[in-house]
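Participant: Questions regarding the structure given below will be posed in turn.
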Amino acid sequence: MPKTTTPGAMIRTAWDRLAPRPGGKWLFSKIFARLVPYSGSIKPLVSELTSGRCRVVMRDRPNLRNHLRSIHAVALMNLGEMASGLALVYGLPDDTRAILVGLSMEYLKKARGTLEASCDFGVPSVTERQELELTVDIRDNAGDVVARARANWLVDRLV
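Under my numbering, think of the first position of the sequence shown as 221, with each following residue one higher.
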């Protein structure tokens, strides 16, 4: 088994091995939730993950709701940050790291029901320190965008 020391390498290896198998996406999501407990608090299911593309599903549950009976704003931020981070680190070279340096949200509609966060972007080649802004749309079952996250990631080589 190859040595997987960076988060991106570990994520790629785990996803590539588990996702094609029955129950593999569920198992990957459970492992990720254990390794990143705060992200795990929303009980996400990673449904798709490739270089520059990630889909994460979050079911509506009572402990994620606010006093308005919709999904809490911070749960939506958590979902958006997770989708952007996975899409980014999956596509980065092994000698690269990414650090979240900013996160903003637009709340466009009350979020209810099962939600899907989607992040799509072209992964750049990393030759020097740079900041990337990734956009994540969070949609409800009707396909309406209920929130939009903008995640700013500082990307740099480890060497």
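From the three backbone atoms N, C-alpha and C, an ideal C-beta is built for every residue, glycine too.
None of these values were measured; they are calculated from a predicted model.
According to DSSP, is Thr355 part of a helix, a strand, or is it coil?
Facilitator: Counting from 1 along the sequence shown, the entry for residue 355 is found at position 135. In this structure, Thr355 counts as strand in the three-state DSSP scheme.
Participant: What do you get for Arg241, buried or exposed, if any count of 16 or more other CB atoms within 10 angstroms of its CB means buried?
Facilitator: Position 21 of the sequence shown holds residue 241. By the 10 Å Cβ count, Arg241 comes out exposed.
Participant: If you compare alpha carbons, which of Gly300, Asn286, Leu288, Gly244 is closest to Tyr258?
Facilitator: Mapped onto the sequence shown, residue 258 falls at position 38. Ranking the options by Cα distance to Tyr258, first place goes to Gly300.
Participant: In the DSSP assignment, the beta strand (DSSP E) including Ala362 goes from what residue to what residue?
Facilitator: Residue numbering aside, residue 362 sits at position 142 when the sequence shown is read from its first letter. Counting along the chain, Ala362 falls outside any beta strand (DSSP E), and DSSP gives it neither H nor E.
Participant: When the Cα of Met297 is compared with those of Gly260, Tyr310, Asp376, which residue comes out closest?
Facilitator: Numbered from its first residue, the sequence shown carries residue 297 at position 77. Of Gly260, Tyr310, Asp376, the residue nearest in Cα terms is Gly260.
Participant: What number of angstroms, rounded off, separates the C-alpha of Met325 from the C-alpha of Ser290?
Facilitator: Within the sequence shown, residue 325 is the residue found at index 105, counting from 1. Within the sequence shown, residue 290 is the residue found at index 70, counting from 1. The alpha-carbon atoms of Met325 and Ser290 are separated by roughly 16 Å.
Participant: According to DSSP, what are the bridge partners of Arg377?
Facilitator: As a first step, residue 377 must be located in the sequence shown, where it is residue number 157. Note: Arg377 sits in a beta bridge opposite Thr316.
Participant: Alpha carbon to alpha carbon, how far is Asn372 from Gly243?
Facilitator: For the purposes of this step, residue 372 is identified with residue 152 of the sequence shown, where counting begins at 1. For the purposes of this step, residue 243 is identified with residue 23 of the sequence shown, where counting begins at 1. Cα to Cα, Asn372 sits roughly 32 Å from Gly243.
Participant: Based on DSSP bridge pairs, tell me the residues matched to Leu323.
Facilitator: Along the sequence shown, read from residue 1 onward, the residue named residue 323 stands at position 103. Paired residues: Ala371.
Participant: Which residue comes first and which comes last in the beta strand (DSSP E) that contains Arg237?
Facilitator: Start at 1 with the first residue of the sequence shown, and residue 237 comes out as number 17. Careful: Arg237 lies outside any beta strand (DSSP E), inside the alpha helix (DSSP H) at 227 to 238.
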